[in-house]
Amino acid sequence: MSDEFSYLSAARYGKDKIRVFRVVREGKWHHVVEYNVQALLEGDIETSYTEADNSVVVATDSIKNITYYMAKVSPHVLNPERFALHLGTHLVSKYPHIHKAFVTVEQLRWSRIPIPGFQGTAEYSHSFIRDGDEKRIVKVEIDASKGKDKITAQVTSGISDLLVLKTTESAFSGFVRDKYTTLKEVDDRILSTSIDLTYTFPPIDIPKPADADVEQFDVPSQIPPGSVWDTSVPASARKITLSTFASDNSASVQATLYRMARLILTENPGVQTVSYALPNKHYIPVDMSYLGVENLVPSQAEVFMPVAAPSGLITATVSRK
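Each number in our numbering comes from the position in the sequence shown (counting from 1) with 15 added on.
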């Protein structure tokens, strides 16, 4: 086939769905993380597509093995942002013809099992519970295209599948009404959504690994508050999201979303943008009027029918000036 009318304009490959579980032992006190990792590469790899030249291909099986090896040796494995940066930096530093690495880490939620009968927050040192379907998501782009000694990184973090619900203090009224409108205005309703949150940080410089195997990865000694290196940011973003959702007397999903995003920017000065995607999880009061039972008036609505689809979807990005 002639190349006269076509060319390879983009190419990226790697390994997806690398499942990693790591135990870190500090004496009798154990820590665990479970990750789903995707690691993709870009660089001088076009001949593998255009000329069937595999000499430029780092096998995807090798990328999987590197991921497991870094999970074993990295001192940063318990933190998904730092682990993703470490893995991506190693990949672009090891192979001269690889210029970019794209690493996505999905962290599953494991929490310590509390010890019954103890006051406070006593927990078992080595026993855990899978605490819901919520996941932490980290996406890292490592760019060495300007040289192996001029590596930069872009980090996006967030949460997915955080299912929340409140039974009051949510209204929706004053919206456009025309011939297509059937929705009734309500001053009190159930509000539920599965929260997807992402927040971005400014690009950072990554020092070139100093060791011969380019496996070293150093964290700055001075950590700016609210920056990508600040390990308190994920907990802060989650706490703000939950507390604002719970306490806000919501005029709409849009208004509550905006309050959550602004608070994350206020409390975390290193965060540049905050984005939410909030699908409505509808709970429809069941009409029991045919039985002479009132269940539609908000103050008396107690039995609801969960409706999966169709659902509203509200999204927005709030950015720092």
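From the three backbone atoms N, C-alpha and C, an ideal C-beta is built for every residue, glycine too. Since the structure is predicted, the reported quantities are computational estimates derived from the model, not experimental observations.
- When secondary structure is reduced to three states using DSSP, Ala86 falls in the helix class.
- Straight through space, the alpha carbons of Ser262 and Ser185 are spaced by roughly 10 Å.
- Closest by C-alpha distance to Val48, out of Asp245, Tyr110, Arg145 and Ser21, is Arg145.
- Under DSSP, the beta-bridge partners assigned to Pro321 are Tyr298.
- Cβ-Cβ distances below 8 Å link Tyr64 to Leu23 and Ala26 in the same chain, with the five nearest sequence neighbours on each side left out; the list follows chain order.
- With 16 or more other CB atoms across the displayed protein chains lying within 10 angstroms of its CB, Thr82 is buried.
- His297 is a Cβ neighbour of Ser207, given a cutoff of 9 Å.
- In the DSSP assignment, Ile238 falls outside any alpha helix (DSSP H) and carries neither an H nor an E.
- Rounded to whole angstroms, the gap between the alpha carbons of Thr167 and Lys336 is 23 Å.
- The shortest C-alpha to C-alpha distance from Glu156 to any of Ala116, Glu309, Asn80 and Ile238 is the one to Ala116.
- Between Lys43 and Ser140 the beta-carbon gap is near 5 Å, inside 8 Å, which marks them as a contact.
- Counting along the chain, the unbroken alpha helix (DSSP H) around Glu96 starts and ends at Pro95 to Lys109.
- Just measuring C-alpha positions, the residue of Ser108, Asp193, Ala137 and Arg151 sitting nearest Lys161 is Ser108.
- Under the rule that a run must span 3 or more residues, the beta strand (DSSP E) segments found entirely inside the stretch 252–311 read 288–294 and 297–300.
- Residue state for Asp226 is assigned as coil, using DSSP reduced to three classes.
- When the Cα atoms are used, Ala323 and Val179 turn out to be separated by approximately 15 Å.
- Distance between Val120 and Ser172, taken at the CA atoms: about 9 Å.
- For Glu121, the enclosing beta strand (DSSP E) has its first and last residue at Ile113 to Pro129.
- Residue environment for Thr281: exposed (fewer than 16 other C-beta atoms within 10 angstroms of its C-beta).
- Rounded to the nearest angstrom, the Cβ distance from Ala276 to Val234 is 27 Å, too far for a contact under 8 Å.
- In the assembly as shown, Gly58 is a buried residue. Its beta-carbon has 16 or more other beta-carbons within 10 Å.
- In the DSSP assignment, Tyr28 falls within the beta strand (DSSP E) that extends over Tyr28 to Glu41.
- Taking the Cα of Ser290 as reference, the smallest distance to any Cα among Ile33, Thr330 and Ser258 is reached at Thr330.
- As the crow flies, the alpha-carbon of Arg253 is around 9 Å from that of Leu212.
- Taking all protein chains shown into account, Ser258 has fewer than 16 neighbouring C-beta atoms within 10 Å of its C-beta and is therefore exposed.
- By the CB criterion at 9 Å, Ile78 and Leu123 fall outside the cutoff.
- A straight-line Cα-Cα distance of about 33 Å links Ile205 and Gly241.
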